[in-house]
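Student:
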Amino acid sequence: MLVVDVILYSLITWYIDKINPGPYGVPKPYNFMFKRSKEKKCDAASHTSHAAGSKDNYEIPPENIKIGIKIEDLRKTFNRGKVVAVEKVDLDIYEGNITALLGHNGAGKTTTMSILAGFIPPSGGKVIVKGKSIFDNMNEFRSNLGLCPQHNLLFSFLTVREHLIFFGMLRGLSMSQSEEDGTELMSSLRIFSKRNEPITKLSGGMKRKLCLAISLMGSPQILILDEPTAAMDPESRRHVWDMLLASRGHRTTIITTHFMEEADVLGDRIAIMDHGQVRCYGTSMFLKKHFGTGYHLNITKMDKAPELPITKVVKEHITDATMTLSSTSQLSYNIRFDEGPRFPALFSDLESRKKDLGLTGTSIASTTLEDIFLKIAGGKKQSETTNGHFENANAVGNGQRISGNALVIVQLKTLVYKRVLTRMRSWISTLIFIVVPVALMGATVFKMMKQENISDQPNLLISLTSFPVVQVAVSSDNQTVTDVIKNQVVSGGATFDLTPAGTYLNQYLAEKLNYSLVQYEKEIIMGFQVYNGTIFGGFSRYFTHSPPLVLNTLANTILQLASPSSTITVYNHPLFVKVVEDICDLSSNAPVHVFNFPVNVIFVSLGLMFLTMNFISFPLKERVSGAKQLQLMTGVSPLLYWLSIFVCDAAMYLLTATLMVSMIYVLQTNQILSDSGYMDIVVLLFVLFGASGIAFAYFFSFLVKSSVIASVLFILINSVIGTFGGGFLVILDGTYTSYGILRQLLSFNPLFAMTSALIHLFSVMYINGTCLQCGKYCKTLDPMKFLNSGPDGLHPHGINSFLIFLLVDAIIYFGLVLIIEYGILKYIVHLVSTFWIKTNIQHYFEDPDVASERIEVLSNQKFQDIDLAGNINKPSILRVNDLGKKYNRKRTAVYGVSFQVRRGECFGLLGVNGAGKSTTFKMLTGEEIPNKGDAKILQFSLKNQKSKFLSQIGYCPQFDAINAVLTGKEILRVYALLRGIPSSLCESEVSRWIDIMGLKEFADRPCGTYSGGNKRKLSTAMAFIGEPPVVFLDEPTSGVDPVSRRKLWDVVSKCQQAGQAIVLTSHSMEECEALCSRLTIMVSGYMKCIGSTEYLK
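Count the sequence shown with the UniProt record's numbering and you get residues 1 to 1097, in order.
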């Protein structure tokens, strides 16, 4: 049957997976097994290009070009048709071409790619490859498909090399071939030096390279690349371009990107999507000719040069010039093609007034692909809206902010509000975590109250016929008696075994025993010895009914010697025991009845383990995602953060515990437990376990980085030590006295202490409850004593030690949580490692500008400069002094960087992947402790006033740190309140930033459903809301479409003008030129140069 079960449930699992593959996969119809496989060929019309129809924005392709992938009327809706992601997409992807699919965030690009890859099923339409629908032949289509998804889908426990071998073998390659191809790809993508590194040690750009390498394993004919170069530095990005261009003509490639230059370089044809529809499709030249927007006049200026005089000069020559970009160092204007003849006079005027206007450079450019994108996606209209909204930047002044104790109260309420919302959005799992422990508590009480009564049972015939294959040994000196016994044995179906003459029965049985103990136990049921007129009967203790069988045989022997035809038949008639015993019967049987309590309490122990396991997930996810770090950087103290989580978790626990305790009143019989007088101790036990169990769960959340792994380890450890260990040790305590030290050690596990205490307490409550109700003489016990184990223990059910341990556990684990959270443990490890790795970071030759910056920082003087208007700049807000990080004796990530950022300045931190930018950010945001140096924001030091230092920073990390179940509006409200914005102004501030970032359409949707670009916009808004003095932006526009990117640039420029200091890392050189007042380029942990973009050029 086990084999049948394996086959049956394997088939059921396979069938369910086919018809309901979950969120990723194309489901088959319920009757797919009974449908005949037919190859559906498309008709002739399917070979006709869509451009041949009525779509004016589609370029007509050459006649001899072949269609590789034909998309017809593709549609995808979500939320029962309420949300349309892809609407009637018609597109021809040509063989051997690279087709670029562009669109704003949420336009439907990733959804379309996911449908093509078989991740999600379409709501309508079809996709044809080689005359077959891919939805009917998905396995065949996937066999030639290489996929690089938008998000890195990698195994944390595998190295780079192991990933490539694994996916190569999945492709059907041999292990040696997989390793050979993988080595070639690693070399081509310049990640060979990282081949033995685990994924957790790779930068974002390195992970993207690995995902691209995986998609190329096995040389697939079709390649789908969803933003493959996101997070790559410019050098790596161009190298990837060369790789893809080299394969042009050999494979059909579809690529999505938000880099217009990338689409222009790679795309043989370019499709632009907007709100789920393809708006245009053709070559780059076709789109530029069809949607040309004119010339772009780019003027670079000094940071403090006013904008109006420059714009006035431009308008004097070209009256309808439209400004498209305004930043502290650059202005851009759009000019119609027919205004070209006016350029000489304009350039001459600008050059003659260059010093007066504060200009540093002028250039002109024709229509770019980004201009086309902005025009089609409605970028102009959205930009105008953004500018209008942002005129009220810094609407919440410092004088209006909440501070002091009032801010602490608001922060606590806000964190509780966030936790409650998260609970409400996952109400099904919350309900399960409440119902299961209550049900298991009910099972425990029911089992404790159940009496082992024997009901009426059928009669049992006591005869040899009930025991097949048994032997009866007989030693006799009387043949007549021997014959009578033999007749009974043979008629009963047993073997008659007569001992040799002169051999006594015991001697014969001893020989049998020595020959084979197993055979003796299974076969010898009884024996007889007849000697001098006396018959001796012997029974076997291995057969329950052997004694009555011996007596009946003896009785029949005596009877049949007198009357051979007579027999005596024996039956076992079980006595009927009444089902309901009176209370005195229960009291007298109570000491024996409670022997089963260790087994019964296992149920409630498992319920408590299941309940406390629920408290691991939330803090673990917030820690791993970085959301907790962002909240602490708003000025929230670690103590307040954990207090808010504990308040919410304790409320859920107390509700569950109340229901669990109520099960005692509901399911007990005769009020035995409640009348014992110890219900208050039960409540005390649950309260103490709540504190210690929750604290243990919080401590456990620091040990791993995966909720699944944490849950498995938590169940394993608590099951072995807490549940079964507690029950087993209680059983041993009744017999032995030598387990005291072991019990005390295991009591540092709260579940062990709780399980042991409940077993002893319920035992006392049952014994005392029955005794007090009976009223007759009986002995009661006092559980409020220290346990004395052993058969003669004075207090065999004392629980005082367990109560003390539960209290101590709560203090210990909450203390450990705060020690870890306040960085004490990390600091101790840091001091030890610093001594071990000897952080004598040497400085090499420095660029003169870098050295000058270092001297300026060391001089501790206010950074002053005079602008064109004669105003003195304000002192620097951020001052980084000789900051360095060394991870081990061989690896130094950052060699003593020094720079400062003034008020209203955007400082760029540039470099290739692995240059030390992210490590520098981690040191400045408190994630890593620097081995040397310090940093200051205003008067607050990173080394000595870390909490206040971090509270001055708004941070947009490289990877989005958001709560997936909250909406964008709710998340921004949380961060606004945490930064001290009054609740009366909070809604308007949140709405303002939602409008600024273009998230109004998605504001009330859970942000876990956002596209990658919209998540980046939300993360940026989280950094800016509340107007912190310094804002760190780590690749804020990675995965953001050009429309939103330009809007973000405008936001950064306006924030600079409002006085905020901004530190930016980016792989977009255009972005750095548009935003950065100054920048530095890092190489291998060093600052190689520093200055303005014009100066560095």
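Think of the CB as a built atom: it goes at the ideal place given N, C-alpha and C, for glycine as much as any other residue.
Determine the DSSP secondary structure at F259, reduced to helix, strand or coil.
Tutor: Looking at F259 - three-state DSSP - the assignment turns out to be coil, as it is neither helix nor strand.
Student: Going by C-alpha distance, which of R425, K88, Q1056, V901 is nearest V965?
Tutor: The candidate whose alpha carbon is nearest that of V965 is R425.
Student: Excluding the 5 residues flanking V1040 on each side, which residues of the same chain have their C-beta closer than 8 Å to its C-beta?
Tutor: Excluding positions up to five away in sequence, the list reads N105, H258, G1013, R1016, K1017, L1048.
Student: My guess is that F700 and D649 are in contact by the Cβ rule of under 8 Å, so how many angstroms apart are they, rounded?
Tutor: The Cβ separation is near 13 Å, so there is no contact.
Student: Please give me, in chain order, every unbroken run of the beta strand (DSSP E) with length at least 3 that falls completely inside the stretch 741 to 774.
Tutor: Within the stretch 741 to 774, no complete beta strand (DSSP E) run reaches 3 residues.
Student: Shorter than 8 Å from the beta carbon of G361 to some beta carbon of chain C?
Tutor: Absent from the structure: chain C. Only one protein chain is present.
Student: Touch check for the stretch 667 to 679 and the stretch 593 to 600: three-plus C-beta pairs under 8 Å?
Tutor: Cβ pair count under 8 Å is below three, so no.
Student: Taking the CB atoms as reference points, tell me whether I953 and M633 lie closer together than 8 Å.
Tutor: Cβ atoms of I953 and M633: closer than 8 Å.
Student: Secondary structure at P121, three-state DSSP: helix, strand or coil?
Tutor: Coil at P121, not helix or strand.
Student: With H, G and I counted as helix, E and B as strand and the rest as coil, what does DSSP make of residue 1144?
Tutor: Limits of the chain in this structure are 1 at one end and 1097 at the other, which puts residue 1144 out of reach.
Student: Can you find at least 3 beta carbon pairs, one from the stretch 362 to 376 and one from the stretch 284 to 297, that sit closer than 8 Å?
Tutor: Result yes; three or more Cβ-Cβ pairs closer than 8 Å.
Student: Looking only at C-alpha atoms, which of I224, T77, G118, F166 sits nearest to P149?
Tutor: The option with the nearest alpha carbon to P149 is I224.
Student: As a quick exercise: from G1085, A1021, A231, pick the residue whose alpha carbon is nearest that of C1055.
Tutor: Closest by alpha carbon: A1021.
Student: By Cβ distance, which residues of its chain are closer than 6 Å to K628, with the 5 residues on each side in sequence left out?
Tutor: Excluding sequence neighbours, K628 sits near E622.
Student: Tell me the rounded alpha-carbon separation between R171 and L216.
Tutor: So the two alpha carbons sit approximately 10 Å from each other.
Student: Helix, strand or coil, according to DSSP, for Q1060 in the structure here?
Tutor: Correct three-state label for Q1060: coil.
Student: To the nearest angstrom, report how far apart residue 1102 and Q330 are at their CA atoms.
Tutor: Residue coverage of the chain in this structure runs from 1 to 1097, which leaves residue 1102 outside it and unanswerable.
Student: So, under 8 Å CB-CB, L673 and G769 are touching, yes? Tell me the CB distance rounded to an integer number of Å.
Tutor: Indeed they touch by this definition, with Cβ atoms about 6 Å apart.
Student: From the DSSP output, which residues share a beta bridge with S143?
Tutor: Looking at the DSSP assignment, S143 forms no beta bridge with any residue, so it has no partner.
Student: Where does I1090 sit, in a helix, a strand or coil, going by DSSP?
Tutor: DSSP places I1090 in strand when its eight states are reduced to three.
Student: Can F536 and I485 be called in contact, C-beta distance under 8 Å?
Tutor: Their beta carbons are not under 8 Å apart, which means F536 does not touch I485 by this criterion.
Student: Rank E989, Q945, D181, G911 by C-alpha distance to the C-alpha of M1087 and give the top, closest one.
Tutor: Per the Cα distances, G911.
Student: Rounded to whole angstroms, what's the CA-CA distance from F446 to N459? Just pull it up for me.
Tutor: Each residue's Cα considered, the two are about 31 Å apart.
Student: Alpha helix (DSSP H) containing T495: first to last residue?
Tutor: Segment 495 to 498 is the beta strand (DSSP E) holding T495; no alpha helix (DSSP H) there.
Student: In three-state DSSP terms, what is S326?
Tutor: Reduced to three states, the DSSP call for S326 is strand.
Student: Work out the CA separation of H573 and R423 for me, nearest whole Å.
Tutor: Going from the Cα of R423 to the Cα of H573 covers about 60 Å.
Student: By alpha-carbon positions, which one of P638, F618, R902, I996 ends up nearest to L816?
Tutor: The shortest Cα separation from L816 among P638, F618, R902, I996 belongs to P638.
Student: Which of the three DSSP states, helix, strand or coil, is assigned to C1076?
Tutor: Coil.
Student: Across the stretch 1000 to 1013 and the stretch 203 to 213, are there enough close Cβ pairs to call them in contact, namely three or more that are closer than 8 Å?
Tutor: As far as the Cβ criterion goes, the stretch 1000 to 1013 does not touch the stretch 203 to 213, which means the pair count is below three.
Student: Counting pairs of Cβ atoms below 8 Å between the stretch 896 to 903 and the stretch 955 to 969, do you hit three or more?
Tutor: These segments do not touch.
Student: Under 8 Å, with one C-beta from each stretch per pair, do the stretch 261 to 270 and the stretch 94 to 110 reach the 3-pair mark?
Tutor: Segments in contact, yes.
Student: Quick one: residues in its chain with C-beta nearer than 7 Å to the C-beta of R743, no 5 flanking neighbours on either side, listed in chain order?
Tutor: Only L729 meet the Cβ criterion.
Student: Name the residue from Q471, R342, M302 whose alpha carbon lies nearest to the alpha carbon of S320.
Tutor: The sequence given here places Asp at residue 320; Ser does not occur at that position. Of the listed residues, the one whose Cα sits closest to D320 is R342.
Student: Give every residue of the same chain whose Cβ lies closer than 6 Å to the Cβ of K380, excluding the five residues on either side of it in the sequence, and list them in chain order.
Tutor: In this prediction, K380 has a pLDDT of 41, which is less than 50 and means its spatial position is unreliable; what the coordinates show is noted afterwards. Around K380: no qualifying Cβ.
Student: Output the boundary residues of the alpha helix (DSSP H) element that contains H296.
Tutor: Element bounds for H296: not the alpha helix (DSSP H) but the beta strand (DSSP E), 295 to 301.
Student: With a threshold of 16 other CB atoms inside 10 Å of the CB of N944, please say whether the residue is buried or exposed.
Tutor: Exposed: under 16 other Cβ atoms inside 10 Å.
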